[in-house]
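> Protein sequences appear in the order of chains A, B and C. For the first sequence, the UniProt record's numbering gives the first residue as 1, with consecutive numbering after it. For the second sequence, the UniProt record's numbering gives the first residue as 1, with consecutive numbering after it. For the third sequence, the UniProt record's numbering gives the first residue as 1, with consecutive numbering after it. Ideal placement from N, C-alpha and C gives every residue a C-beta, glycine not left out. Pasting a structure here, questions to come.
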Amino acid sequence: MPREVEISIIEREFIQNALQEGIRRDGREFDAFRPLELNFGDEYGVADVQLGKTRVIVRISVDVVAPPPERKFDGVFQIVTEFSPMASPAFEVGRPTDAEVILSRVLEKAIRRSNALDTESLCIIAGLKCFALRADVHIVDHDGGLIDASCIAVMAALQHFRRPDVIVEGEKATVLSTRERDPIPLSILHQPLSVTFSYYEEGNLFLVDADLAEEQVRQGEIIITMNRHGEICQVNKYGGAPVEPLDLLNLNNVALQKVKDISKFIQQKLDEDAKKRDAGGLMAELSAENAR
Amino acid sequence: MHPTTQLSPLHRADGSATYTSNGYTIIGAVNGPIEVQRRDELPTEATLEVNVRPAVGVGSPRERHLETLLHGALRSVVLTESLPRSLVQITLQVSGMPSEEGDCGVSSSLSILPHLLHTALLALLSASIPLSTILTAALVVIPSSSSTPLVSPTANQLLRAKPIRSAHVFAFSGDGSLLMNESDGVFSLQEWDEAVEATEEVCCKEEGGVGLSEGMEVDGREGGSLDTWLREVVRGKVNWEMRWKTAR
Amino acid sequence: MTTAGKIVNNEIHLQSIHHQQTQPHQLHPPEHSDGEPETKKQEMPLDTSTYSLALLRLDGRRWNELRRIHAQINTQAAADGSSYLEMGNTKVLCTVTGPAEGRQAGQRGAKDNEAKVEVEIGFAGFSGLERRKRKSDKRTLEMQHTLSTAYSSLLLTHLYPHSTITLTLHILSQDGSMLAACINASTLALIDAGIPMSDYLVACTAASSATTSDSDNSDPLLDLNNLEEQELPFLTVGTLGRSDKVSVLICESRVRMERMESMLAVGIDGCKRMREILDGVVKEYGKRFS
């Protein structure tokens with residue numbers, strides 16, 4: 001396992017000097033995300049997010065299992081993040097780096113612990129059968145901002161996913177294939193999204209969505225996860241240079257604006273995808289709703 | 001249909017390729033030659049490391065088995081002697097599979113193997129790792145109902161052809177010699193010979209050759225073997241890289 | 001207690017406390033809570049599921065009281081530095097080894113120009129309510145990462161190139177504010193080890209309680225125990241003692257962003273008091289040598 005190449009002194013100084021002059025390496029505003037792209041696969045629940053050169057693919061899959069005995073009325077939902085050498089040769093299979101642990105913890109807290117997904121809706125028969133939902137996060141290309149990109153990808157994939165319908169007759173549950181009945185979307189309670197701030201100059205300068213080189217130069221990071229209603233799901237500042245508390249509070253407002261923008265973007269992409277899938281307007285015809 | 005492929009879609013890896021064929025989508029990345037850990041270091045040649053990662057879940061013995069097969073086949077293709085004491089790291093991420101894969105009666109590690117081999121080769125090409133030859137591979141199945149082998153069938157065709165007596169994967173090198181074989185099921189030596197022949201036709205038939213087997217029609221494009229397809233891909237890559245010279 | 005007059009009384013106090021929150025420097029003078037329920041003052045505005053109408057928290061504290069802090073320094077003779085810290089029923093033992101040559105100095109050791117901070121956290125089997133063998137799960141790894149990054153930037157690591165400073169923490173008893181207790185214990189142990197640092201890194205937890213989720217009238221609480229942590233949204237804040245500057249901030253629960261301010265203000269104030277307590281411990285220990 002080769003070590004991650006450290007940024008050279010001259011590059012480090014270049015980035016720092018440019019920041020002092022108010023310029024980012026790629027000419028972005030300090031509070032601007034890199035161009036965000038989101039594509040959905042042919043199957044339900046596959047989201048491919050590109051944030052600048054960073055690329056993350058999330059695939060949601062579902063299985064039917066027996067629920068854990070201590071939580072009979074819940075389904076199972078897990079997010080699996082495993083770095084592969086594809087993103088960086090420094091990542092080794094089976095030996096999680098600090099970055100990997102943090103990513104999986106942040107996703108866990110942001111999405112699972114904040115109850116973004118209503119796990120009770122995954123229950124089929126209490127104590128006997130439930131859906132086990134699984135989100136596999138594949139980091140394909142790594143150029144910084146992994147947490148933000150993964151969070152967007154997981155949330156987009158969850159909203160895109162459709163689970164098969166079930167018929168329950170007493171103790172017997174039949175899972176219907178997609179051909180028999182249209183699969184149904186998951187019940188999503190809110191949409192948490194992460195914004196990572198990197199800071200420089202002893203906490204006087206904050207950047208949104210730093211790329212890999214900027215990440216290597218930064219003095220610390222603050223990860224804020226919130227939904228578009230202004231509810232914070234988590235804040236993480238793991239050490240690093242100290243920051244004025246007022247600045248921290250201001251970051252919340254910036255994060256809220258970003259989260260609103262990204263939520264809107266995801267929704268727009270979902271709508272586009274739905275339109276594409278519903279090419280003949282068949283769904284509208286079959287729908288029982290009518291304009292009264 | 002021939003596979004569709006895109007070379008070097010990733011920024012970070014030294015070489016990469018996306019590959020789509022018969023419902024399989026695979027992303028391959030190659031890092032190399034890079035520093036090798038001392039316990040893996042070989043004094044006279046490069047160490048090859050193959051990682052196969054499934055679309056869903058973490059690696060299982062199935063992936064480890066595939067890695068061993070790929071490692072064996074690729075080691076005879078890569079010129080490891082020219083990169084001593086270094087590491088060539090190949091990562092293959094499966095990102096899409098045909099939904100019928102589970103119940104088409106062929107071991108899933110066999111049906112995906114040719115696609116993994118192609119992706120790995122394309123990624124190696126993209127990373128400009130020295131290779132001694134190219135490689136083409138195909139799956140061939142012999143259904144119980146008829147003795148005519150089906151070459152690179154789609155998952156749907158497999159479903160219809162069920163039950164299946166035996167399945168084979170053959171890989172051929174650029175000069176047409178058999179590089180790798182992995183067979184599963186019950187078959188006679190004669191059937192095996194037929195299977196090799198049928199696959200050879202699909203993989204490395206010279207252009208303008210005579211006689212189209214049934215497999216070729218299945219393959220879709222007439223006259224183009226996988227070998228021709230692969231050479232076309234390489235030609236495209238070279239053209240792109242030499243565009244500074246050819247452009248006016 | 002439950003008369004309307006009382007409630008009116010509550011609201012008046014509630015406002016006065018909100019006034020104080022916006023100016024955290026003017027909060028009550030530091031006080032060492034000795035855990036005795038102080039029933040004489042009835043100005044507690046708290047009225048949530050965990051707080052009875054007696055206006056006191058479950059363990060009898062008021063909203064801005066720390067639990068009893070007991071700390072010792074230089075407890076393990078064999079270690080380069082050590083400390084023992086109790087925050088209420090949370091008990092942590094910390095030892096520091098180093099700066100020393102790392103286990104794998106060449107391979108995974110520090111950068112060439114500064115020391116590496118390694119952290120190991122172990123939970124005693126008897127530390128929680130249920131006896132459970134905790135392997136190093138992701139939560140522990142995250143805590144280790146937090147401590148390691150926080151101290152890497154706080155300690156003057158550039159004085160010790162090519163070396164490793166190892167912090168080993170043993171959790172003897174868990175009752176909330178785990179991360180905060182770990183940080184405080186580590187600071188003491190590092191002081192004992194004589195590793196130069198720019199200021200005390202001290203931490204405590206603060207929560208926000210309110211009857212309804214979107215009510216504006218949320219009341220902050222300082223230094224939570226286990227029950228309160230499970231019930232209320234809370235954050236762990238670590239500051240460089242004397243200044244207001246925040247070095248560590250971990251919030252793991254869903255909370256309205258408007259409530260952040262009051263939680264942060266109370267937390268930072270708690271850190272200030274915590275610093276004085278720890279400073280007292282260090283100075284007391286130092287007297288032995290004068």
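#1: Look at the alpha carbon of Ala-13 of chain B and the alpha carbon of Glu-35 of chain B, and state the distance between them as a whole number of angstroms.
#2: Examine the Cβ distances between the region 193–206 of chain B and the region 169–178 of chain B and report whether three or more of them are shorter than 8 angstroms.
#3: Grab the span of the beta strand (DSSP E) containing Glu-231 of chain A for me, first residue to last.
#4: Under 7 angstroms Cβ to Cβ from Tyr-44 of chain A, same chain only, skipping five residues before and after it: list those, please.
#5: Just to confirm the assignment: which complete alpha helix (DSSP H) runs, minimum length 4, are found wholly within the region 92–174 of chain B?
#6: Is the distance from the Cβ of Ser-109 of chain B to the Cβ of Leu-66 of chain B below 7 angstroms?
#7: Spatial neighbours of Ile-79 of chain A within its chain, please: C-beta separation below 6 angstroms, excluding the five flanking residues on both sides.
#8: Between Asn-250 of chain A and chain C, is any beta-carbon pair separated by less than 7 angstroms?
#9: Taking 7 angstroms as the threshold (beta carbon to beta carbon), is Ser-247 of chain C in contact with chain A?
#10: May I ask you to list the residues that DSSP assigns as paired with Ser-83 of chain C?
#11: Could you pull out every residue in the same chain whose Cβ sits closer than 6 angstroms to the Cβ of Tyr-84 of chain C, ignoring the five residues on either side in sequence?
#12: Going straight from the alpha carbon of His-32 of chain C to that of Gly-238 of chain C, what length do you get?
#13: Checking 7 angstroms against the spacing of the C-beta atoms, do Ser-88 of chain A and His-142 of chain A come in under that value?
#14: Strictly below 8 angstroms CB to CB, what residues from chain A border Thr-91 of chain B?
#15: Could you check whether the Cβ of Arg-38 of chain B sits closer than 7 angstroms to any Cβ belonging to chain A?
#16: DSSP has Thr-4 of chain B in a bridge; who is on the other side?
#17: I'd like to know if Gln-234 of chain A contacts chain C, where contact means its C-beta is closer than 7 angstroms to some C-beta of that chain.
#18: Have a look at Ile-232 of chain A and Pro-130 of chain B and give me their C-alpha separation to the nearest angstrom.
#19: Find the nearest neighbour of residue 254 of chain B within the set B:Arg-62, B:Gln-190, B:Arg-231 and B:Ser-144, judged by alpha-carbon distance.
#20: When DSSP labels each residue in this structure, what does Phe-40 of chain A get in the three-state scheme?
#21: With H, G and I counted as helix, E and B as strand and the rest as coil, what does DSSP make of Glu-169 of chain A?
#22: When the distance is taken between beta carbons, is Asp-244 of chain C closer than 7 angstroms to Pro-192 of chain A?
#23: Using DSSP with H/G/I as helix, E/B as strand and the rest coil, what is Glu-114 of chain C?
#24: Can you tell me where the alpha helix (DSSP H) with Ser-152 of chain C in it begins and where it stops?
#25: Of the choices B:Val-56, B:Ala-247 and B:Val-233, whose alpha-carbon is the least far from that of Ser-8 of chain B?
#26: For the UniProt domain "Exoribonuclease phosphorolytic" (33–164) of chain A, list the alpha helix (DSSP H) runs that are entirely contained and at least 4 residues long, ordered along the chain.
#27: For Leu-133 of chain A versus Phe-77 of chain A, is the C-beta distance shorter than 7 angstroms?
#28: Can you confirm whether the region 147–156 of chain A touches the region 251–270 of chain A when touching is taken to mean that 3 or more C-beta pairs between the two stretches lie within less than 8 angstroms?
#29: Please check if any C-beta of chain B sits within less than 7 angstroms of the C-beta of residue 297 of chain A.
#30: Taking its Cβ as the centre, do 16 or more other Cβ atoms sit within 10 Å of Pro-24 of chain C, making it buried, or is it exposed?
#31: Which residue comes first and which comes last in the beta strand (DSSP E) that contains Gly-241 of chain C?
#32: Can you pull the chain A neighbours of Arg-273 of chain C, defined as C-beta to C-beta under 9 angstroms?
#33: Would you report the Cα separation of Ile-27 of chain B and Asp-227 of chain B, rounded to the nearest angstrom?
#34: Does any residue of chain B have a CB that is nearer than 7 angstroms to the CB of Val-93 of chain A?
#35: Residues in the region 168–201 of chain A with C-beta within 8 angstroms of chain B's C-beta atoms, listed in sequence order?
#36: Along the chain, where does the alpha helix (DSSP H) containing Phe-14 of chain A start, and where does it finish?
Quick look at the numbers:
#1: 14 angstroms
#2: yes
#3: 231–237
#4: His-160, Phe-161, Arg-162 and Pro-183
#5: 108–126 and 155–161
#6: yes
#7: Leu-107 and Ala-135
#8: no
#9: yes
#10: C:Ile-73 and C:Cys-94
#11: Gln-72, Thr-75 and Leu-93
#12: Any reading at His-32 of chain C must be qualified, since the residue scores a pLDDT of 38, below 50, and its modelled position is unreliable; the value itself is stated next. Distance between the alpha carbons of His-32 of chain C and Gly-238 of chain C is about 19 angstroms.
#13: yes
#14: Ser-84, Pro-85 and Met-86
#15: no
#16: B:Thr-20
#17: yes
#18: 52 angstroms
#19: Residue 254 of chain B is absent from the structure shown; chain B starts at 1 and stops at 248.
#20: strand
#21: strand
#22: no
#23: coil
#24: 138–154
#25: B:Val-233
#26: 98–107 and 146–160
#27: yes
#28: yes
#29: Because chain A is modelled from 1 through 292, residue 297 of chain A falls outside the range shown and cannot be assessed.
#30: Caution applies to Pro-24 of chain C, whose pLDDT of 37 falls short of 50 and renders its modelled position unreliable; the value that the coordinates give is listed next. That one is buried.
#31: No beta strand (DSSP E) holds Gly-241 of chain C; DSSP gives it neither H nor E.
#32: Neighbours of Arg-273 of chain C on chain A: none; closest Cβ ~16 angstroms, over 9 angstroms.
#33: 20 angstroms
#34: yes
#35: none
#36: 9–20
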